[in-house]
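Novice: Residue 113 in the working numbering sits at position 110 of the sequence shown, with consecutive numbering throughout.
We put the CB at the ideal spot given by N, CA and C, even for glycine.
Since this is a predicted model, take the numbers as computed values, not measurements.
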Amino acid sequence: MSIKSDRWIRRMAESHGMIEPFEPGQVRRSEDGRRMVSYGTSSYGYDGRCSNHFKIFTNINSAVVDPKAFDEDSFVDFEGDSCIIPPNSFALAHTVEYFRIPRNVLTICLGKSTYARCGIIVNVTPLEPEWEGHVTLEFSNTTPLPARIYANEGVAQFLFFESDEVCETSYGDRGGKYMGQTGVTLPKA
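(1) As a quick exercise: from P147, E165, F142, V169, pick the residue whose alpha carbon is nearest that of G157.
(2) For D50, name the three-state secondary structure that DSSP assigns.
(3) Should V125 and A159 be called a contact, given that it needs their Cβ atoms to be closer than 8 Å?
(4) So which of R14, M4, T117, D35 has the shortest CA-CA distance to F25?
(5) Since E82 is in the beta strand (DSSP E), which residue starts that stretch and which ends it?
(6) Hey, T185 and G114 are a contact pair by Cβ (cut 8 Å); roughly how many whole angstroms apart?
(7) Give the DSSP bridge partners of F161, in chain order.
(8) Taking Cβ to Cβ, would you say D50 is nearer than 8 Å to Y42?
(9) Which same chain residues, not among the five before or five after K7, have their C-beta less than 6 Å away from its C-beta?
(10) According to the neighbour-count rule (16 or more other Cβ atoms, all chains shown, within 10 Å of its Cβ), is E131 buried or exposed?
(11) Mind checking whether T110 and V187 have CB atoms under 8 Å apart?
(12) With H, G and I counted as helix, E and B as strand and the rest as coil, what does DSSP make of Y42?
(13) In or out: A94 buried (at least 16 other Cβ within 10 Å) or exposed?
(14) Exposed or buried, which one is S5 when buried takes at least 16 other CB atoms within 10 Å?
(15) In the DSSP output, which residue or residues are listed as bridge partners for H97?
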């Protein structure tokens, strides 16, 4: 198994639609010249962006968080250019990019250090062979202060590992419950 370089990522995005929309370079400034958290192709990965649709965790209904019986009232929907996550809380969002993972590739989603240095953690998530969809992202604010996440800017890095052999059973073969997800997808039992 080997980690894949920027050339491989560009080739797979362009020839197989692995990442859409795809940015072949690294974007660090908006069109109007404003600094932003970078996104696009890096040396050995791809920095994905966060959409402007968020689900912010709230405890106003005193719900219990249960992955087998998830109460959608545990979240408040919010759309905007940025999202404020309450202290010691979390929010969900999804990537701008739609991913199509090849059968012989495992992809790992990790948080960017810019956010980690602010106490904002992105859950480590695997994208299994032949999974496709928008990635649902979890942002945990580990600080006692409110924390801001910026929409349409880089939030997570995706690393691509190509296997020497094709897997026997892919996520697509299993008909995985998160296959083809769009938008923020809540837990499914």
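Specialist: Checking against the coordinates, here is how it stands:
(1) If we check each option's Cα against that of G157, F142 comes out closest.
(2) Residue state, collapsed to three classes: strand.
(3) Yes, these two residues count as a Cβ contact at 8 Å.
(4) Ranking the options by Cα distance to F25, first place goes to R14.
(5) Bounds of the beta strand (DSSP E) holding E82 are 78-82.
(6) Actually they are not in contact, since the Cβ atoms of T185 and G114 sit about 22 Å apart, beyond 8 Å.
(7) Under DSSP, F161 takes part in a beta bridge, and its partners are Y49, C112.
(8) Their beta carbons are under 8 Å apart, which means D50 touches Y42 by this criterion.
(9) Result list for K7: F163, E165, in chain order.
(10) With 16 or more other Cβ atoms from the protein chains shown falling within 10 Å of its own Cβ, E131 counts as buried.
(11) In this structure, T110 keeps its C-beta atom at 8 Å or more from the C-beta atom of V187.
(12) Strand.
(13) Burial call: buried.
(14) Burial call: exposed.
(15) According to DSSP, which records beta bridges pairwise, H97 is partnered with T139.
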